[in-house]
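Q:
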Amino acid sequence: MVENLENKPPENIIDEPLIKVPMDRNYSSADMSRFDSASNVVDQPTVGFFGTVMNLLNSLIGAEILSISRSMRFCGLTVSVGLMTFTAIISYIATILTVKLQSLTRAESLHDLGSKLYGKWCTAVLSILVLLFTYSCCIAYLIIGGNNIQSWFELLDIGYWMKGWRRTVVMFIYSITLPVVLTFPKKVRFLSIFSTFAILSIFLFCLALTYKAFLYFPKNGICPTALTAQMDFHFFNAISVYSLMFALPAICLPLLKPVKPLLQYRYRIVGTSFFVCYIFVIVPGVIGYLMFGAETDEIILDNFSNKDVIIQITRFGFFIVVTTSYPIIALTIGSQLSAIIFKVFDPATLDFKRRSIILLLANLPPVLIAMVLPNIYPVISVGGSLGGCMTNFFFPAIFWIKKSPQKITHWTNILCSLLAFFGLVSAIIATYQGIELAIYPD
Numbered sequence: 003m004v005e006n007l008e009n010k011p012p013e014n015i016i017d018e019p020l021i022k023v024p025m026d027r028n029y030s031s032a033d034m035s036r037f038d039s040a041s042n043v044v045d046q047p048t049v050g051f052f053g054t055v056m057n058l059l060n061s062l063i064g065a066e067i068l069s070i071s072r073s074m075r076f077c078g079l080t081v082s083v084g085l086m087t088f089t090a091i092i093s094y095i096a097t098i099l100t101v102k103l104q105s106l107t108r109a110e111s112l113h114d115l116g117s118k119l120y121g122k123w124c125t126a127v128l129s130i131l132v133l134l135f136t137y138s139c140c141i142a143y144l145i146i147g148g149n150n151i152q153s154w155f156e157l158l159d160i161g162y163w164m165k166g167w168r169r170t171v172v173m174f175i176y177s178i179t180l181p182v183v184l185t186f187p188k189k190v191r192f193l194s195i196f197s198t199f200a201i202l203s204i205f206l207f208c209l210a211l212t213y214k215a216f217l218y219f220p221k222n223g224i225c226p227t228a229l230t231a232q233m234d235f236h237f238f239n240a241i242s243v244y245s246l247m248f249a250l251p252a253i254c255l256p257l258l259k260p261v262k263p264l265l266q267y268r269y270r271i272v273g274t275s276f277f278v279c280y281i282f283v284i285v286p287g288v289i290g291y292l293m294f295g296a297e298t299d300e301i302i303l304d305n306f307s308n309k310d311v312i313i314q315i316t317r318f319g320f321f322i323v324v325t326t327s328y329p330i331i332a333l334t335i336g337s338q339l340s341a342i343i344f345k346v347f348d349p350a351t352l353d354f355k356r357r358s359i360i361l362l363l364a365n366l367p368p369v370l371i372a373m374v375l376p377n378i379y380p381v382i383s384v385g386g387s388l389g390g391c392m393t394n395f396f397f398p399a400i401f402w403i404k405k406s407p408q409k410i411t412h413w414t415n416i417l418c419s420l421l422a423f424f425g426l427v428s429a430i431i432a433t434y435q436g437i438e439l440a441i442y443p444d
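This is how it looks when you write it as structure tokens:
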């Protein structure tokens, strides 16, 4: 799908720096500043292959990995694995389209790409989708944090404090004293130390479930309620969750900015990230579903005993991850709100009154919803349909059609049209089903 965008061979564009700066001459500071602002090549730190893959993985894989096993209840094992593989492949194709378009337009982000190709209306739509997506992430993080607290309360025989109105009080106290407080500092760079910890926690989660599988299957075999295949209208729910796991088109451009401007090199980084993410997702997802079948909980850790030491260590790791990830996502929400309301892209530069308004608007909806909604799956489903289906499939496809010099009837544009249609339909149906699950969780 990436062969005929231009008449010239694409390699001539991407195998050289965007602007060559002869380094055997002496330049004035004004000259160097001009070169730097024009190309961002001079004096720009370069992130290597491994570092970029880790950054992409940290952005791709989050606490929603805990719900992958639950998603397999809709379609059964084989269909779920097929859907996950299909979603990963077309998300990879959409990411390649996005990276290729960036090399042609010099866009800084998906928003910038939309602005360059379609204008301000596209940026406005993307901003709304990003807000809905990031709000859903923050809600999911708070619910997972509360779920871990419930597990610890049950160990102390005070689990009733996570029932009814008491849960509302506990969720409010937890949210205000930990995640929300971490959004108050103007600089959150200190949270970057938890990025590596997040990947480590996910790796330990995969090891924990693999270890449990070695102990469980020889004695008990596969759960008899685990379905081999089932296809119905609810498979869109599964697609939305898998799209959220592979939502790389929306986040890849800023993370690839400090990488060498060679397309083939960037393609290898993207491919490696997708492959590792796929393994991290599918292995524990399949294990969890085969162990518990129709009884798989929304958060797979809930299927294990609260007295299981390995599971409690895993819970503690994810508690740290979601608590420290919340303020980072909330910072994105604050930036979007600040740009919309005050036309300022960095909320840290606002005065106390206006910044307080942004903090309130960024934190109040997630806290209120997490206080009354104990189920994570509807939140992930809605977030995946908006943040995954739209930014994974719809927008990269229409961006490619807009930039392509070929006729609309060309096979590449026809495939992109089908991809955009698939993304739009999936988003609409999955959003409806996510809301339905929130109202009728059973």
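Residue 3 is where the sequence shown starts when you use the working numbering, and the numbers rise one by one after that.
Just so it is clear, CB atoms sit at the ideal spot from N, CA and C, and this is done for glycine as well.
Being a predicted model, the structure only gives us computed values, none of them experimental.
#1: Going along the chain, which unbroken runs of the alpha helix (DSSP H) with 4 or more residues stay wholly within the region 356-420?
#2: Any idea if ARG75 is buried or exposed, counting beta-carbon neighbours within 10 angstroms, 16 or more meaning buried?
#3: Give a yes or no on whether the C-beta atoms belonging to MET293 and LYS405 are separated by under 9 angstroms.
#4: GLY116: which of LEU439, ALA399 and PHE199 sits nearest, CA to CA?
#5: Within a Cβ cutoff of 8 angstroms, which residues of the same chain sit near VAL190, ignoring the five residues on either side of it in sequence?
#6: From what residue to what residue does the alpha helix (DSSP H) around GLU156 run?
#7: Return the first residue and the last residue of the alpha helix (DSSP H) that MET86 is part of.
#8: Let me know the secondary structure DSSP gives HIS236 once reduced to three states.
#9: Can you tell which of SER327, TYR267 and TYR291 has the C-alpha that lies nearest to the C-alpha of ALA200?
#10: At which residues does the alpha helix (DSSP H) containing ARG168 begin and terminate?
#11: CA-CA distance, SER35 and PRO263?
#12: Taking Cβ positions, are ARG72 and ILE313 nearer each other than 9 angstroms?
#13: Since THR54 and LEU258 should fall inside the 8 angstroms C-beta cutoff, what is the C-beta to C-beta distance between them, to a whole number of angstroms?
#14: Determine the DSSP secondary structure at THR433, reduced to helix, strand or coil.
#15: Does the region 134-149 come into contact with the region 271-288, if we say contact requires no fewer than three beta-carbon pairs (one atom in each stretch) closer than 8 angstroms?
#16: Compute the Euclidean distance between the alpha carbons of ILE2 and CYS124, then round it to the nearest angstrom.
#17: Less than 9 angstroms between the beta carbons of ASP114 and LEU255, yes or no?
#18: So what's ILE271 in DSSP terms, helix, strand or just coil?
A: In short, the structure shows the following:
#1: You should have 379-385 and 397-405.
#2: ARG75 comes out buried.
#3: Going by C-beta atoms, MET293 is not nearer than 9 angstroms to LYS405.
#4: Nearest of LEU439, ALA399 and PHE199 to GLY116, Cα basis: ALA399.
#5: Counting only Cβ-Cβ distances below 8 angstroms, and skipping sequence neighbours, we find LEU184, PRO329, ILE330 and LEU333.
#6: Its alpha helix (DSSP H) spans residues 122-157.
#7: First-last of the alpha helix (DSSP H) with MET86: 78-107.
#8: HIS236 falls in the coil class under three-state DSSP.
#9: Checking every option, the nearest Cα to that of ALA200 belongs to SER327.
#10: Looking at the DSSP string, the run of the alpha helix (DSSP H) that includes ARG168 is 166-179.
#11: Since pLDDT at SER35 reaches only 37, below the 50 mark, its modelled position is unreliable, and the value read off the structure follows with that caveat. Rounded to whole angstroms, SER35 to PRO263 spans 20 angstroms at the Cα level.
#12: No, Cβ-Cβ distance for ARG72 and ILE313 is not below 9 angstroms.
#13: Going by Cβ atoms, the distance from THR54 to LEU258 rounds to 7 angstroms, so yes, they are a contact pair.
#14: Looking at THR433 - three-state DSSP - the assignment turns out to be helix.
#15: With contact defined as three or more Cβ pairs closer than 8 angstroms, the region 134-149 and the region 271-288 are not in contact.
#16: This structure leaves residue 2 out entirely; the chain is present only between 3 and 444.
#17: Yes, the Cβ-Cβ distance between ASP114 and LEU255 is below 9 angstroms.
#18: Collapsing the DSSP output to three states places ILE271 in a helix.
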